[in-house]
Amino acid sequence: MSPKAILIAFVIVSLLLIGVMFLAVDGRNNATVPKFETATGKEASETEKLEDSLKTDTQTEDVKLEDFITTSVINLNEGNGAGEQINQLISLLESQPSSDRKADLEKFVVASRNIITQIKKIQEALFPGGMEKYDIGESPKVQESNAVFFKENEEHSELSKQLLTDLNTFENALGDLQKIYPEFRSVNTKLRDEYSDGMDWLTYNFKDFPAVASYVKLSTIMDEIETNQEIIIKAMLPKQ
Numbered sequence: 002m003s004p005k006a007i008l009i010a011f012v013i014v015s016l017l018l019i020g021v022m023f024l025a026v027d028g029r030n031n032a033t034v035p036k037f038e039t040a041t042g043k044e045a046s047e048t049e050k051l052e053d054s055l056k057t058d059t060q061t062e063d064v065k066l067e068d069f070i071t072t073s074v075i076n077l078n079e080g081n082g083a084g085e086q087i088n089q090l091i092s093l094l095e096s097q098p099s100s101d102r103k104a105d106l107e108k109f110v111v112a113s114r115n116i117i118t119q120i121k122k123i124q125e126a127l128f129p130g131g132m133e134k135y136d137i138g139e140s141p142k143v144q145e146s147n148a149v150f151f152k153e154n155e156e157h158s159e160l161s162k163q164l165l166t167d168l169n170t171f172e173n174a175l176g177d178l179q180k181i182y183p184e185f186r187s188v189n190t191k192l193r194d195e196y197s198d199g200m201d202w203l204t205y206n207f208k209d210f211p212a213v214a215s216y217v218k219l220s221t222i223m224d225e226i227e228t229n230q231e232i233i234i235k236a237m238l239p240k241q
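So the mapping is simple: this note's numbering equals the position in the sequence shown, first residue as 1, plus 1.
Put into structure tokens, the structure is as follows:
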């Protein structure tokens, strides 16, 4: 085949390929238009359904959050009996003969008692007269809670400063016990999470939260303290 014939054949094949491409593009465009129009209507319907679903989910989550807070408060109030058990253990401890072991334990008990007392003071400041007098939905909000923990210049309030001091004392007292008595090394000595997103612990956990959330957080810390108390006092008291 001559070069001219090859060139002609090449041109013909190229034209045919171009024609096929145009046909494919034209067919695709014609098919897309109705699909797009149909999809638009469907998408609009689906969007409405999604928006309704999101609204429902949001409402459901709000209800769940309120139920969770209410349940947490009820559980906290019902858990007050734990404090009575601790007091009984402390009374039993005080009745024991003097010893180094008793002296070490009493330091821990005093530190525990002080931090619990301070937590209760702050909870009283959050809900004067007791939380049971308040409707959860109408309880003190963010501004009132901030005023308990922080001054207007964002510094820690006196109540907060004492809370931090008592937390440090408790954690140190528990750490000292662990150094002397290896059996307590598995007990958690830190009541505060290390992660605070670059903020100090108090700001991260209590700034700009509703009063009820701060109350529950403090109660959780108190529960941890009482759990540690019970474990340690029971272990250090003479076996009956």
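We put the CB at the ideal spot given by N, CA and C, even for glycine.
The alpha helix (DSSP H) spanning residue i covers which residue range?
i: I226; result: 212-237
i: Q97; result: First-last for Q97: undefined, no H or E at that position.
i: L127; result: 101-127
i: S207; result: Looking at the sequence shown, residue 207 is not Ser but Phe. Per DSSP, F207 belongs to the alpha helix (DSSP H) from 202-207.
So if DSSP puts residue i in a beta bridge, which residue, or which two residues, is it bridged to?
i: F151; result: H157
Grab me the residues of residue i's own chain with a C-beta within less than 7 Å of its C-beta, minus the 5 sequence neighbours each way, in chain order.
i: R186; result: Q179
i: N147; result: K208, D209
i: Y135; result: F128
Express the C-alpha separation of residue j and residue i in angstroms, rounding to a whole number.
i: L127; j: I117; result: 15 Å
i: D167; j: V217; result: 19 Å
i: K108; j: N206; result: 28 Å
i: G131; j: L164; result: 19 Å
i: E159; j: Q119; result: 11 Å
i: P141; j: F150; result: 14 Å
i: K162; j: I137; result: 27 Å
i: A214; j: K103; result: 37 Å
i: T228; j: A174; result: 15 Å
i: T204; j: I226; result: 21 Å
i: T182; j: E156; result: Here the sequence assigns Tyr to residue 182, which means Thr is not the residue at that position. One C-alpha to the other measures close to 38 Å.
i: V143; j: K152; result: 14 Å
i: D101; j: D201; result: 37 Å
Can you have a look at residue i and say buried or exposed, based on whether 16 or more other CB atoms are within 10 angstroms of its CB?
i: D198; result: exposed
i: D194; result: exposed
i: A212; result: buried
i: I234; result: buried
i: M223; result: buried
i: V111; result: exposed
Sorted by chain position, which residues of the same chain lie with C-beta nearer than 6 Å to residue i's C-beta, five sequence neighbours on each side aside?
i: Q230; result: I87, S113
Might you give, ordered along the chain, the residues of its own chain that have their beta carbon closer than 8 Å to the beta carbon of residue i, omitting 5 neighbours on each side?
i: N115; result: D167, T170, F171
i: L238; result: L90, L93, L94, Q97
i: Q124; result: M132, Y216, L219, S220
i: G176; result: T190
i: M22; result: Legend: pLDDT at M22 = 44, less than 50; position of this residue unreliable, value from coordinates given subsequently. Contacts found: none.
i: V188; result: L175, Q179, N229, I232, I233
i: E184; result: A236
Give a yes or no on whether 8 Å exceeds the smallest Cβ distance from residue i to chain D.
i: G138; result: The question asks about chain D, but that chain is absent: this structure has only one protein chain.
Relative to the ligand SAM, is the shortest distance from any of its heavy atoms to the C-beta of residue i smaller than 7 Å?
i: Y205; result: Here there are no bound small molecules, and the ligand SAM is not part of this structure.
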